[in-house]
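A short write-up of the structure that comes next.
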Amino acid sequence: IGFAAQFCIMPLAAVVAARLWRLDGALAAGVCLVGCCPGGVASNLVALIARADVPLSISMTTCSTIAACALTPVLAACCAGASA
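Convert by adding 37 to the 1-based position in the sequence shown; the result is the number in my numbering.
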């Protein structure tokens with residue numbers, strides 16, 4: 038679920054936000070890029086503080102970071118084209 042949310046819901050939300058706020062090209066591209074980049078580094082600390090499953094959090098962060106090497110450029114190009 039987390040992997041799908043990171044690479045499906047977040048980019049879609051970025052496109053919707055860029056269109057909702059009627060951002061111009063550069064700002065819309067920036068919002069789309071941020072929506073396509075994984076941001077799970079802090080989740081490991083939050084998992085530790087919450088006494089949650091830290092190894093699972095680290096595994097998910099590792100998987101999303103590795104996948105981001107290939108998916109971020111593709112998603113950013115798709116999202117930036119969609120928000121234009």
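Ideal Cβ placement from N, Cα and C applies to all residues, glycine included.
In this structure, Val71 places its C-beta atom within 8 angstroms of the C-beta atom of Ala51. Between Cys106 and Cys69, the C-beta spacing is not below 8 angstroms.
Residue burial annotation: Ala66 is buried, with at least 16 other C-beta atoms found within 10 angstroms of its C-beta. Assigned with DSSP and collapsed to three states, Gly77 falls in coil, not helix or strand.
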